[in-house]
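Beneath this line is the structure, given in structure tokens, with notes to follow.
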Amino acid sequence: MVDFKNIKGFVFDLDGVIADTSVYHSKAWHQLADELGVQWSEDLANNLKGVSRMDSLELILKTGGKENDYTQEEKEKYAAKKNTNYLELLKGMNASAILPGISDFLTSLEEHDYKLSLASASKNSPLVLEQLGLAQYFKEKVDPSTLKHGKPDPEIFARGAEVLGLKPEECIGIEDAKVGVESINSAGETSIGIGDPNILNEADINFTSTTDLTLNNIQKAMEVGQLND
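Read left to right, the sequence shown gives residues 8 to 236 (our numbering).
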């Protein structure tokens with residue numbers, strides 16, 4: 008594992024790491040799945056985490072055996088409809104949706120002069136950050152519309168380091184989804200998984216809650232990892 012003192016930047020996912028926006032995404036996708044006649048389930052909801060809009064729609068259609076029932080144009084209309092539903096739900100979002108410990112962690116990173124970037128597959132992430140009151144921390148963001156590949160491909164996290172002017176090995180990526188952790192690892196960054204360690208077992212460091220996300224805890228975990236290497 009990389010030495011903690013060589014870390015200069017942090018690349019963040021948004022949903023499930025900074026704020027609980029996954030609830031809004033799930034509600035919007037659930038609404039669309041009902042309209043398409045696809046059975047909604049907790050497994051399906053979990054499989055959509057960290058996945059781009061069009062890939063999520065494809066997964067829902069495949070789950071219902073309907074992947075060949077619609078033209079590309081029709082699929083794009085359904086994806087746009089989901090986004091409209093999501094934006095309507097977002098109107099009720101405020102700082103109360105920020106996950107525990109995240110505001111303090113961002114303040115700590117800023118005080119210690121770490122560079123921060125956002126690597127979210129959501130095209131609505133700038134709007135979400137504004138509504139949460141956290142936009143000032145993320146002057147650098149990866150524009151998902153410029154990406155050719157979705158997670159677990161490393162492109163989004165590699166770009167997250169690039170927009171900071173840093174090498175991947177100088178960055179820590181933070182994710183709550185399995186595909187996101189795979190993306191971070193493939194990009195050559197140190198990965199932190201937030202959530203169930205059995206699901207996020209490929210993460211270099213695992214915290215079950217965002218409340219554990221502190222510089223002190225990260226340094227300790229990296230030092231232990233170096234001893235175990």
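All residues carry an ideal CB built from backbone N, CA and C; glycine is no exception. Note that the coordinates shown come from a computational prediction; the quantities given were computed from them, not determined experimentally.
1) I think E182 touches D20, with their Cβ atoms under 8 angstroms apart; what is that distance to the nearest whole Å?
2) Any beta carbon from chain C within less than 8 angstroms of L220's own beta carbon?
3) Apart from the five residues just before and just after K247, which ones in its own chain have a Cβ nearer than 7 angstroms to its Cβ?
4) For the alpha helix (DSSP H) holding E95, just list the boundary residues, first then last.
5) In three-state terms, what does DSSP make of I201?
6) Which ranges does the alpha helix (DSSP H) cover as unbroken runs of at least 4 residues, wholly within the region 151-207, from first to last along the chain?
7) Which term fits A87, buried or exposed, when burial requires 16 or more other beta carbons within 10 angstroms of its beta carbon?
8) Would a C-beta distance cut-off of 8 angstroms place K56 and S29 closer than the cut-off?
9) Which partner residues does S59 have in the DSSP bridge list?
10) Which of the three DSSP states is assigned to S29 in this structure?
11) Does the contact criterion of 3 or more C-beta pairs under 8 angstroms hold for the region 33-45 versus the region 10-25?
Walking through what the data contain:
1) 5 angstroms
2) No chain C appears in the structure shown, which is made up of a single protein chain.
3) Nothing can be reported for residue 247: it is not among the residues displayed for the chain, which extend from 8 to 236.
4) Residues Q79 to L97.
5) In the structure shown, I201 sits in a strand (DSSP, three-state: E or B).
6) Taking 4 residues as the shortest admissible run, the region 151-207 contains the following complete alpha helix (DSSP H) segments, listed from N- to C-terminal end: 162-169 and 185-194.
7) exposed
8) Yes.
9) Looking at the DSSP assignment, S59 forms no beta bridge with any residue, so it has no partner.
10) helix
11) no
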